[in-house]
Each structure stands twice: as C-alpha cells, then as structure tokens.
Amino acid sequence: MWLLVAPLLPGLINKVKAWVAGRRGPPVLQLYYDLARLWRKGVVLSTAVSPGHVAGPAIAWVAVVGAALLMPLGPGGNALAFRGDALLFVYLLALARFCTAGAALDTGSAFEGMGAAREVSYAVLAEAAIITSLLTLGLQSGSVSLTSMLAPSAGAGAALLAAGLFAVLLAENCRVPFDDPNTHLELTMIHEVMVLDHSGPPLAVILHGASLKLLLFDVLLAEAVLPLGELPPLTAVGALVAAVLVVTVAVGLVESLLARLAFRRVPLFLTTAFLLCLFALLVAWKGGRA
Amino acid sequence: MSTPASFVWLSNGTSLPWAEVPEWPVDSFVEATSAELDRGVRLCAWFGVPDGDATRLVAVLAYDADNTLAVGRSAPARGSYPSLTARHAQAHLFEREVWEQHGLKPEGHPWLKPVRRANGGAPANGKFFQVEGREVHEVAVGPVHAGIIEPGHFRFQCAGEEVLHLEIALGYQHRGVEAALPGGPHRVTLSQMETVAGDTTIGHATAYAAVLEALAGSEAPLRAQWLRALALELERLANHPGDLGALAGDVAFLPTAAACGKIRGDFLNLTALLCGNRFGRGLVKPGGCRHDLDTVRAGQMQQQLRAALDEVEQAAAWLWDAAAVRSRFEGTGVVGNATAADIGLVGPAARASGLVRDVRYDHPAGWHRFAQVPVAVWPDGDAFARARVRWLEIQRSGKFLEEQLAAPPDGPLCAEPGALAGDTLAVALVEGWRGEVCHVALTDAAGRFRRYKLVDPSFHNWTGLALALRGQAISDFPLCNKSFNLSYCGFDL
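Structure (structure tokens):
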C-alpha cells in the first residue's frame, strides 16, 4: 500500500508546479516510469567506493519502510505497533539519513561531502522539531505509541503543530525553500548532490525512499492535526486521503511561489519551526492541567 | 630614438596610418601607458604585433569622459619587458595573452600562466592558486557542467561554505579565431566573426563591418546604420530577459523563470522577422546590411515588440515584488565601485557597480551619433544591481526601438566599401549586450590584415566574477555566475 502509492506524490507536486507556470508538465505517473527504467539499468560504480556505497541506500530504504510500517493509517491501523514505537520511528528516520550521508561521503567527492554536511547540519534542527511535536502528541494522549498518539486531535495546539510540521516536512524532503529538487547545479544542492554518484537500481531505491518519506510526513501531519480516531472509519479514510492531497498540493504551491532561502537563513527558519512545535507542546501541557 | 609626447587620438570607428601611431621604446611605452591609466583611462586592448622576429606592443586606450580613444605602440621588443599588471590589474589577462601568443615575458607579472593554450586535448591550465590550512578544502567544478552550458573550469578554495578564492580556467573552446585572420579578409571571415560569441552575433559583426569600412574610408548608408542599431538593441532585449529568468531559476522562483524563457523566444523572433535568423546571422555585412525592414514588417514588429515588452514587465514585476528573491539577490556577489574600475569591468556588470560606462554613450558611432539610449546605472555592485541594470536596459532599449521604428530613415541599404587602405590601423567599439566589443585591425602594405585583435567583453569581466565570489557562500556561485552571464567562447576565441 505505502510502497505503491508513494511515487504518486512527487508527480502531483510537479503537476501543480507546471499548472502554476502555465506548462503541461510531466505525467503524474512519471516517477513510476523512472523507477521502472532505472531498475532495468546497470550500475556504474566509482573505483573509489566501498560496498557501503550500495549498502547505504538499501539500508536507508529499509529504515524508511520500517518507519512507514509503524505509522498508523487512520482506522486502517498499522502493521506494527508496540509501546514506545514513536521512539523507534524517530530513530529509523535518523538511521536512513545516516546511511544516505555515509554513502555520499564514501565517494570522496567534494560535492557530496558538502551535501552531506549540509544535510546533517539542517537535520539537527529539523529533528528537534519532530521530537518536540511527538512529545506534544504523547503528552496529550498520555501514550508513547503512534497509534494512540495520532488518533485524537492535537487540540488547541493543532494550528501551531501543523505549521511547524509543514516546515519540517519541506526541510526533511528537500523541497523549496530549503532545497530545490529541480536544480542541477552541484554547488547549491543538498539532498540531490548526495546521490550524484548513484545509478541504476540503487538510484531507484533512493528515489522511491524519498517519495516514501514524503508520504510518511504527509500522513504524520494529517493525523497529528485531524481527530481521525473520533470519526467513523469511512469518513476517516476519506479525510486522511483528502488531507494528504491538500498537503501535497500545498507543497507544490509553495514551490511555485517562493524562492529558495539562502543557506545561512535556513537555520533561522528551522528554529522557527522548532519553536512552533515547542509552543504546541506548552499549550498541550498547560491546557492539559487547566 | 626620440620619445613621443603622447598617444595619438582617434574616435570610435575610424582609422589612421600605422606610421602616425607614436612609438616608444618598450620600457617607456609601459611607463606612458601606466601614466595614462593612472589618470583613470581605461585599457580597451593590449596586444602584440609581430615585426620580424620581434614583437611590438600596441595599446588602445579609452578616454570615456572625452569621448575619444587613443593608440600607441612600442618599438620591436624581444624576450621580456617590465609588466604593466604590477601597477594596473586590468592589464593582467592581456599580458598573459601577449606572453602566450608572442613569447614576450612581462617581468614582474604576479600570475603568469597560459590563458587558452592547449596541452594535448585540454587547455594548459598551469598550477592553481592554493590556500593552505586544516579547514580549507578545494572544490573543482567543470569543465563538464551539470547543465547545457559551455565548458570552463572553476577552482574554489573554501573554508566550510565560505569561498576564500576562486580561480577560473578557460580555453576549452579555443578555435584559433585570431590566428585565422592575418592575410584576410577572407570569404569566411564575416561568418567567423558572427560566431565569435553566438549570442553577440550582431555586436561582433557590426564591429567587424565598422573596422572594414574605416579601413576602406567609407561609411555604411544611414538606413543600414539604423538597421544595425535596431538589431543591436533586439539582441540586448533577447538576452536580458533570458538572464532575469535564469536568475529567478537559480533561486527557484518559478513564475519569472517560466515566463522569461518564453519571452526571450519572442524577442529572438523579432530578430528573425528582421533578417530571417533568430540570432541575426547574415544581417550585417561590410558596407551595410543584407536585409531591409519593409513597412508591413515594421508595423508587425512594433506590435509584437509592444506585446513582448508588456509581458516582460509583468514577469519582472513578480521578481521585484518577491521579498524572498530580494533577500537572495541583495548583498550577494558584491564588486565595489573601486574594484570594478581597477579590473576594468565593462557592460552591465560595470554599470551595476556604479561606473557610467557605455560605448553607445561614451564613444557613439554609427546610428548612435543621432539617437541615444540613456545609460542605466545602479550603485551597489551586487547580484541585485546586475539584475536591476538589466531591467532598466530592457525598458530603455524597448523605448529606443519604439521611437526608432516610428521614424525610419530612407536611402540605400548598402554601399560596397572599396579596397582597404594599406599600413593602416582601425579601431571599432560596439556596446554588445554583455558590454564593450572591441575590434582592432592593422593592414599590411597590400591592404590585407596583418594583425586582427578581438576583445570580447567577457575577457574583461571574468575577473569580476572571481572577485565577486570572495567571502561568499559557495552555494551562491550559480547565482553570481548567472548575474554576470559571461561568454566562454567569446573569451576562448
């Protein structure tokens, strides 16, 4: 389910961008075609790399899939759930990042080193925001399991949490204004530059993992804000799908209408996202007592 | 040998006998040139002319405030001479070029290495400048780039994200244009001139035609001069919106990036309407123009021009109104006024650093003697200023075209220039869209080219890009690069 739907989202974003710019744009299913094409191709490896270069994307993909399994899909429930799985969720995402960055550093290329350095330095701030938002949800529901955390609405802090998580979504998935998924200029890229030396199936795995991560954050954002647990199952599924679509279109619109931030201003923006989540936490905490 | 008092003056698009060019012994020639440059005069060209087994140096200076040029030459020299670069940075590439072409070594040149000479299949780049330190790392970009652009090699010395030094190595597109010219003009010479830098076709072809007309002692008919002025502004109008769009694209601002790509095509089509080729190939020829603009097509052009100008105004308004774009452009890639003057920047890059430098205004020739375009200047020297100057020039060129199309001069289209005068030197400057295009020709006794020197504006301006990057974030390089948008093939010749 996760695996099949995920590549649809980048296609949707590109369609929105093309529509705003007055172009026809690539087909919505383009990423599926790309994945099929890459999967059939051979792998070109630099002579400088170790086996970690290929293992990195694979482990990262497995980690993201693992995180997806933990994420409940509204009334559909989740494949895996246990007490404390929220912590594992955060760690799996961190592991995925570690592996991608490791595989990038493995090439010894100056560009990929720069990309990895940028990725991990922004991740420090983005992760703080995610952890705070999960804390907020945990405090509200009194649970550390994603299923029960995400069922009720985030309450009074929902708007704050939504804004904060949306910013984190843009940063984690390397969208404008943090990164430009369309750019082909090595010197300005973050995520894209880390995968320059990958080709064929490993690249397909990376692209698929990226779309999966985007879907993951879409769902997290939707469920954190909407009180899906309180709705009848069919309505809940409908609301979830609609919310994911709205978030995806919003990403496309942001990308169409905003310019990229200069790198030195990114930390400020991410800190703001962190503060939004922190205020949501305060609201949940104080609101719970009152 | 007696020492002449001063350089000899001549105006843009004229010639004078080689014997009248004052001659100094090489040491005093460097002194005399240096003294003129001290007074704020600008070096347009500095090149060698082979004389037996020795080489004469020739300097073409621009006195912008006096609307005049000046020429001087040295006695034949061998081996080496005292470097001018040590005192005037704007001579730096010129002296490297002379050393490469004629083996005349400038003593005391701080960074003497090849400009574009090949070593096997690639340019002989020589050793790159290196910064040492534990935190310093080196980033090499190119010559193959991640886009459809020309080849060039960029070597960054960085501390983290900050660029300490950038060295640019070109020469990958060296085709030997200058070497093909002595003995000319040949039948292919005009076509070669049009492809010195394909996006400056009109600029280089007009300069070449002006040089030939000056050598023949004739002038193109007014109608042809008018058409050349139209084509020159159309070339500017095609390239500037393209640059604005590319600048927007570099900061991922889609609305302007998407619109400008299309608008650039609209302006290119106007040039096609004029002469059948979108880049203006085949329009200009020595003596006049090959194609005329009849009344019907002139009316069509007026209409389409208006429509395209309206569209570019809208696209530019999006760009200026977006705070996110301004925050990226402002303060990025600053070249200060004094630095710009020292390294001899030309064109929009110089005007964005507050220098009032425009050949159309300072050294008017052809139609620009009768009709002026106001000079667009912005003081800050950053990427924003360079974008802003482009926008001002779009507006002013558009207005100029509308005025000119409303009042066309009549007359013949072409007056064949006669035979070229022997032992004569001619200089022509044209303000191409990227800046000053300078052509200098010297004929032998038979009236064939003895030496032909081409200076594309990019030759002056690449140093500006290297300096703009100092202290900048390396991630801003594409933005700075695009804000200069220099030519690789125009430099490589």
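Line order of the protein sequences matches chains Z and W. The numbering used here numbers the first residue of the first sequence as 1 and each following residue consecutively. The numbering used here numbers the first residue of the second sequence as 291 and each following residue consecutively. All residues carry an ideal CB built from backbone N, CA and C; glycine is no exception.
Report yes if the CB atom of residue 731(W) is closer than 8 Å to the CB atom of residue 742(W), and no otherwise.
For residue 731(W) and residue 742(W), yes; Cβs fall inside 8 Å.
Taking a cut of 7 Å between CB atoms, which residues from the stretch 441-456 of chain W lie near chain Z?
The residues in question are 451.
Could I get the ranges of all uninterrupted beta strand (DSSP E) runs contained in the stretch 507-554 of chain W, with 3 residues as the minimum, in chain order?
Runs of the beta strand (DSSP E) lying entirely within the stretch 507-554 of chain W, each at least 3 residues long, are absent.
Ignore the nearest five residues each way along the sequence and tell me which others in residue 58(Z)'s own chain have a CB closer than 7 Å to its CB.
Around residue 58(Z): 205.
Where does residue 458(W) sit, in a helix, a strand or coil, going by DSSP?
In the structure shown, residue 458(W) falls within a strand segment according to DSSP collapsed to helix, strand and coil.
Beta carbon of residue 422(W): closer than 7 Å to some heavy atom of the ligand MN?
Summarising the ligand content, the structure contains no ligands, and the ligand MN is consequently not present.
Which chain W residues sit within Cβ distance under 7 Å of residue 23(Z)?
What residue 23(Z) touches in chain W: 548.
Could you check the C-alpha separation between residue 368(W) and residue 495(W) for me, to the nearest Å?
The C-alpha of residue 368(W) lies about 34 Å from the C-alpha of residue 495(W).
With contact counted as at least three CB pairs below 8 Å, one residue from each stretch, are the stretch 558-575 of chain W and the stretch 481-495 of chain W in contact?
With the cut-off at 8 Å, the stretch 558-575 of chain W and the stretch 481-495 of chain W touch.
Where do the N-terminal and C-terminal ends of the alpha helix (DSSP H) with residue 593(W) fall, by residue?
Residue 593(W) -> alpha helix (DSSP H) spans 585-611.
Which residues in the same chain as residue 493(W) place their Cβ atom closer than 6 Å to its Cβ, once the five residues preceding and following it in sequence are excluded?
Contacts found: 720, 722 and 727.
Under the DSSP definition of a beta bridge, which residues are partnered with residue 491(W)?
The partner list for residue 491(W) (beta bridge, DSSP) is empty, contrary to what the question assumes.
Any C-beta of chain Z within less than 8 Å: which residues of the stretch 592-618 of chain W qualify?
Within the stretch 592-618 of chain W, the qualifying residues are 612, 614, 615, 617 and 618.
Comparing C-alpha positions only, which one of 338(W), 305(W) and 693(W) sits nearest to residue 519(W)?
For the options 338(W), 305(W) and 693(W), the alpha carbon positioned closest to that of residue 519(W) is the one of 693(W).
Under 8 Å between C-beta atoms of residue 176(Z) and residue 129(Z)
Result no, Cβ atoms of residue 176(Z) and residue 129(Z) do not sit closer than 8 Å.
Neighbour-count burial assignment, residue 291(W), 16 or more Cβ in a 10 Å radius
Low local confidence applies: a pLDDT of 49 at residue 291(W) is under 50, so the model's placement there is unreliable, and no value is given.
Residue from 544(W), 534(W), 539(W) and 582(W) with nearest C-alpha to residue 554(W)
The option with the nearest alpha carbon to residue 554(W) is 534(W).
Neighbour-count burial assignment, residue 300(Z), 16 or more Cβ in a 10 Å radius
The requested residue 300(Z) does not occur in the structure, where chain Z is confined to residues 1 to 290.
Distance CB(residue 679(W))-CB(residue 641(W)) smaller than 8 Å
Yes; because the gap between Cβ atoms is below 8 Å, this pair is in contact.
Within 10 Å of its beta-carbon, does residue 593(W) have 16 or more other beta-carbons around it, so buried, or fewer, so exposed?
Per the 10 Å Cβ criterion, exposed.
Skipping 5 residues on each side, what residues in its chain have a beta carbon closer than 6 Å to that of residue 246(Z)?
Same-chain partners within the cutoff: there are none.
The alpha helix (DSSP H) enclosing residue 81(Z), as first and last residue numbers:
No alpha helix (DSSP H) contains residue 81(Z), which DSSP labels as neither H nor E.
Under the three-state DSSP convention, the category residue 680(W) falls into:
Helix, per DSSP.
Check each candidate in 738(W), 573(W), 783(W) and 600(W) and name the one with the smallest Cα separation from residue 527(W).
For the residues 738(W), 573(W), 783(W) and 600(W), the minimum Cα distance to residue 527(W) belongs to 600(W).
Measure how close the beta-carbons of residue 515(W) and residue 610(W) come, nearest whole angstrom, since I'm counting them as under 8 Å.
The beta-carbon distance between residue 515(W) and residue 610(W), rounded to whole angstroms, is 35 Å. This is too long to meet the 8 Å contact definition.
Please report whether the beta-carbon of residue 184(Z) lies at a distance below 8 Å from any beta-carbon of chain W.
Residue contact check for residue 184(Z) against chain W: a CB pair falls below 8 Å.
Name the DSSP bridge partner or partners of residue 337(W)?
BP columns for residue 337(W) point to 348(W).
Within 10 angstroms of the Cβ of residue 702(W), are there 16 or more other Cβ atoms? Answer buried if so, exposed if not.
Residue burial annotation: residue 702(W) is exposed, with fewer than 16 other C-beta atoms found within 10 angstroms of its C-beta.
State the start and end residues of the unbroken beta strand (DSSP E) segment that holds residue 299(W).
Start and end: 298-300.
Identify, in the order they occur along the chain, each residue of the same chain with its Cβ nearer than 7 Å to the Cβ of residue 416(W), setting aside the five sequence neighbours on each side.
If we look at residue 416(W) and ignore the five residues flanking it on each side, its Cβ neighbours are 403 and 404.
Give the DSSP-derived three-state secondary structure of residue 401(W) in the structure shown.
The three-state reading of DSSP puts residue 401(W) in coil, since its state is none of H, G, I, E or B.
Answer yes or no: do residue 757(W) and residue 625(W) have a C-beta to C-beta separation smaller than 8 Å?
In this structure, residue 757(W) lies near residue 625(W), with their beta-carbon atoms less than 8 Å apart.
Assuming residue 724(W) and residue 637(W) make a contact with CB atoms under 8 Å, what is their CB distance in whole Å?
Contact annotation, residue 724(W) with residue 637(W): C-beta distance approximately 5 Å; criterion of less than 8 Å satisfied.
In whole angstroms, what is the alpha-carbon distance linking residue 295(W) and residue 316(W)?
Computed Cα separation, rounded: 15 Å.
Taking residue 210(Z) as the reference, which of 65(Z), 17(Z) and 250(Z) has the closest Cα?
Out of 65(Z), 17(Z) and 250(Z), 65(Z) has the C-alpha closest to the C-alpha of residue 210(Z).
Skipping 5 residues on each side, what residues in its chain have a beta carbon closer than 7 Å to that of residue 632(W)?
Around residue 632(W): 379 and 380.
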